[in-house]
Amino acid sequence: MLKKRTISSSLILAILLLCFQSCKQENTNTKNQVIIRVAADANSLNPLKARGEVSNYICMQVFQTLVGYDYENGMPVGIIAEEMPTEKKIDSNTSIFTYTLRNNVRFDSTHALSAEDVLFSFKLAICPGIVSSGGANYYEFIDSLIIDPINQNQIHIYCHGNYFLNKYFTGDFFILPQFIYDPQNILNQYSIAELRKPDILDNNPELNAYIEFFNQSKFEKDKNFIKGSGPYEIADWQSNQRIILQKKKNWWAAELDSESCLFDQNPPILQYEIISDNTTALTALKSNKIDLIKGINAKAFQELENQTELKTERVVKCAYDYLAFNCNHDLLKDHSIRKALAFLVNKQELIDKLYFGNAKNALSPISSQQKDLINSNLIEYTFSMDSTVSILKANQWTDSDKNGVLDKTIKGELVELSFDYLFNNNDVVRKSFGIILQSRAKSIGIELNLIGVEWSSYLEKLKSGDFDLCYGSVSSAPIPPDLYSSFHSKSANGGRNYSNYQSEEADRLIEAIRNTNSTRQRIKHYHDLQTIINRDLPKVILVEPMETFAYSPQLLPLTTSPIRPNYWAPSIQIK
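Note that this note's numbering has the sequence shown beginning at 173, numbered continuously upward.
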C-alpha cells in the first residue's frame, strides 16, 4: 500500500487534542529506531564487493547510483542524476547517453559529489584486479565517459551496439567518493581504454599498488572508510550480530522526499539484527525485540495473519518459480516426455498447500508487472494424470518387466522412465513439491528420485547440468527482461540456461528483442518468444511467489514493492 508523505490536518488536530487531554501524563514512547531481522551478515559493505541481498541492500542506503527504481511505483527515477538520460544516435552502432547531475549532491558536509567521482567510479567498476561482481564484462558496451567541458554537471556516456537496455545500465553503478577510495588520484592517470588493455597490470607497480590499496578490508568492514552520498551512514557493525545505520544530519536530498521514496530518511536509526533461525526471529518479533521480518515460512505466515498482535503484508515478487527439464538428458530431449511430466504438476495444489495462498499462478517467464509484454494466449498444461498416461501409451511406454516402472526399448536397450529431481534441501516448498510429484509419478509408473543438496552444491549441479529435473526460481528487475541468459542457446551448457534449451527460432527472437529500436516490434517478439517457450516446454513456469512481512504495530503500514527486496527501509514510519 502507498503511504502518505505528509501528515493530514485532521491527524494533527487529533494529536493536539490527545496532548491536551493527557497533558499531565509523561510520554514514555522514546522509540527512535527500527530493528529489522536479516538472516545473515553482510559479506562486505564495499559496493563493488557486496554479495547477496543483505550486503547489496545496505549498500543502497549508504551509496547511490545515477538512477534507480522507485519502490512505490516501479518507475525509473533520477537519484544523483536529475532524470533518466537523453539518448542521441551518432551512427547505426553508436549512441551517446547524457546525464545531468543534480546540484548540491554531497557525500558529507565538506565534500561535494562531482562528475569526476562518477568517472572514477566507472573506472573502478572495470578496473582489473578489483575483486568485484564482473563489472568489466557487464559494462563492456560502454566505450567512454566524457565530462562536458561547458556544463561540469553533465556526463556523456558513449556506447556501441543497439542493446535495448543500455539506457538503464549506463546509470546503475554506485558512485564512490574518490577522496576516500583513491586519495592519490591514481585512476585519473588511466583512460577507460587503457584500463581495458589485457596487459595493463604488467610491469605497472603503481596501478598494482593501488589495487592492493583498494582491496583492503577497511573499505569493506570499517565504518570510517565506508562513505557514500546515501541517506544513512554506518554507526556500528558487530560481526554476525547487527549492523546499525544512522541517518545523516542535513542530508543533501532530504527536501526531495516528495519526489520519490528513494529520498526518504524516516527512521533515525535502522538496525539490522542478524538472526539465522526463522523460529527464533518470529519469537523475537512477538516479544518486541525486533520490529520487522520478511521471508516468513508460508505456514507460519498464515498463522500470523490469523492473530491481531502483529501486522502483516504480502506482495507478488518480480520473480517466478519453475520446474526445469534438462534437455540434454536422453529421455528429456523428447518433447512428449516433457509434456507428459508437465501434466503431473498441480499448480493450484502448490499455491494452496505449499505456499498457503502466498503465490500466484504463472505461465510466462515475464513478470506479470510487465502487462504490455505478457502473451495472454499461452497454453496452461492443467493437471491431468490421464493426459500423462495417454501421452506415454501413445509413445509405447509399458512396464514390460513388471517392476512398477515404465520402460521402452531404445536403440536395442531397455530404458526405464526414471529421473532425478534436484532441489536445495533447506527449502521446504521445493522438497515438499518433489515428494508430491514423486508419489504421483510412481502411481503411473514413473520413478522420481529426490536429490536434496546444500545450496552451493545445488548451484554447481545446475551449472554443470548434473540433474534431470530441478525446482528453481528467477528474479527480475522492473524493466523489460532480457531472456538471453535463461533461454538462448549460447547460455546453455555452463551458463544460466539450466534447461540447456537450444532453439534457433527462440534464439532469433531473443536477439531481435535485444537489438530492435521499435517498441511495437519488440512487444511482438516478446509475445512470439513466449509462445515458443510455452510450446517447447524447457521448463514449466509454476507461480509468482509472494514476499511476506510481519511487523510491529508501532510502525505505520508498510509500503511493499515487487522490486527486491520488496520494501524500502528508509520509508518506514514509526507511530
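Ideal placement from N, C-alpha and C gives every residue a C-beta, glycine not left out. Please read all numbers here as calculations on a predicted model, not as lab measurements.
According to DSSP, residues forming a beta bridge with residue i
i	result
M718	V488
F346	T237
C433	DSSP output for C433 lists no bridge partner at all.
Y335	Partner(s): none; Y335 has no beta bridge.
V646	Y492
D579	T570 and E588
First and last residue of the uninterrupted alpha helix (DSSP H) at residue i
i	result
V226	G224 to V234
K458	N450 to K458
L564	M557 to A566
Y656	Y656 to F659
N380	P377 to F386
S629	W627 to S636
D700	T691 to D708
Under the three-state DSSP convention, the category residue i falls into
i	result
L367	helix
I252	coil
Q726	coil
Q745	coil
A496	strand
R680	helix
A214	coil
P737	coil
N672	coil
S554	Just to set this straight, residue 554 is Thr in the shown sequence, not Ser. In this structure, T554 counts as coil in the three-state DSSP scheme.
F528	coil
V517	coil
S316	strand
E198	Legend: pLDDT at E198 = 33, less than 50; position of this residue unreliable, value from coordinates given subsequently. If DSSP states are grouped into helix, strand and coil, E198 belongs with coil.
K574	coil
N621	strand
Q418	strand
K203	coil
I352	helix
D394	coil
Closest residue to residue i among the options (Cα-Cα distance)
i	options	result
I563	G576, F595, S508 and M256	S508
K203	L594, L526 and K461	K461
Q541	G224, S657 and P650	P650
K157	F235, Y553 and G617	Absent from the structure is residue 157, since the part of the chain shown begins at 173 and ends at 747.
W627	R486, K421, W740 and F595	F595
H697	L545, K583 and I735	L545
K466	Q479, E481, N478 and I447	I447
Residue i and residue j closer than 8 Å at C-beta
i	j	result
L620	L609	yes
N530	T720	yes
V601	P439	no
K489	P717	yes
N672	N500	yes
D571	F639	no
A453	R209	yes
E585	D579	no
L373	K295	no
A214	I347	no
T731	E225	no
I364	S316	yes
V712	Y492	no
F336	R686	yes
A470	L434	no
H328	I314	no
I251	T237	yes
S401	R278	yes
P355	H283	no
Extent of the continuous beta strand (DSSP E) to which residue i belongs
i	result
D592	S590 to N596
K505	First-last for K505: undefined, no H or E at that position.
Y330	Q326 to H332
S267	T266 to T272
A407	Y404 to Q410
S536	Unbroken run through S536: none, as it is neither H nor E.
V712	K711 to I713
E445	I441 to I446
E259	T258 to D263
Chain C within 8 Å of residue i, Cβ atoms only
i	result
D708	Absent from the structure: chain C. Only one protein chain is present.
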